[in-house]
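Below is one structure, written out as structure tokens; comments come after it.
Numbering (the UniProt record's numbering), first residue to last: 1 to 69.
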């Protein structure tokens with residue numbers, strides 16, 4: 001997923017952008033969860049998890065959306 005990113009928009013706050021590592025490969029019929037640096041990764045299979053070290057929180061709000069590129 002080289003050069004792929006996910007952008008999360010919450011209310012009128014600044015966008016939160018996570019860029020996938022260049023060497024990350026998402027296998028067919030698999031999933032991945034992205035955690036903020038403060039997220040609790042211990043609750044999931046760590047082979048299916050990525051940590052956004054530069055994002056302290058993925059935020060919260062009433063109006064949100066995701067886009068990929």
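We put the beta carbon where it would ideally sit given N, CA and C, even for glycine.
When 45, 48, 6, 30 are compared, the shortest CA-CA separation from residue 15 is found for 6. Distance from the CA of residue 24 to the CA of residue 47, rounded to the nearest whole angstrom, comes to 11 Å. If the five residues before and after residue 17 are omitted, its C-beta is found closer than 7 Å to the C-beta atoms of 5, 7, all from its own chain and listed in chain order.
By the criterion of a C-beta distance shorter than 8 Å, residue 22 is surrounded in its chain by 2, 3, once the five residues flanking it on both sides are discounted. Using a Cβ distance threshold of 8 Å, residue 32 and residue 41 do not count as a contacting pair.
Nearest in C-alpha terms to residue 30, of all of 37, 69, 45, 38, is 45. Cβ-Cβ distances below 8 Å link residue 10 to 16, 59, 60, 61, 63, 64 in the same chain, with the five nearest sequence neighbours on each side left out; the list follows chain order.
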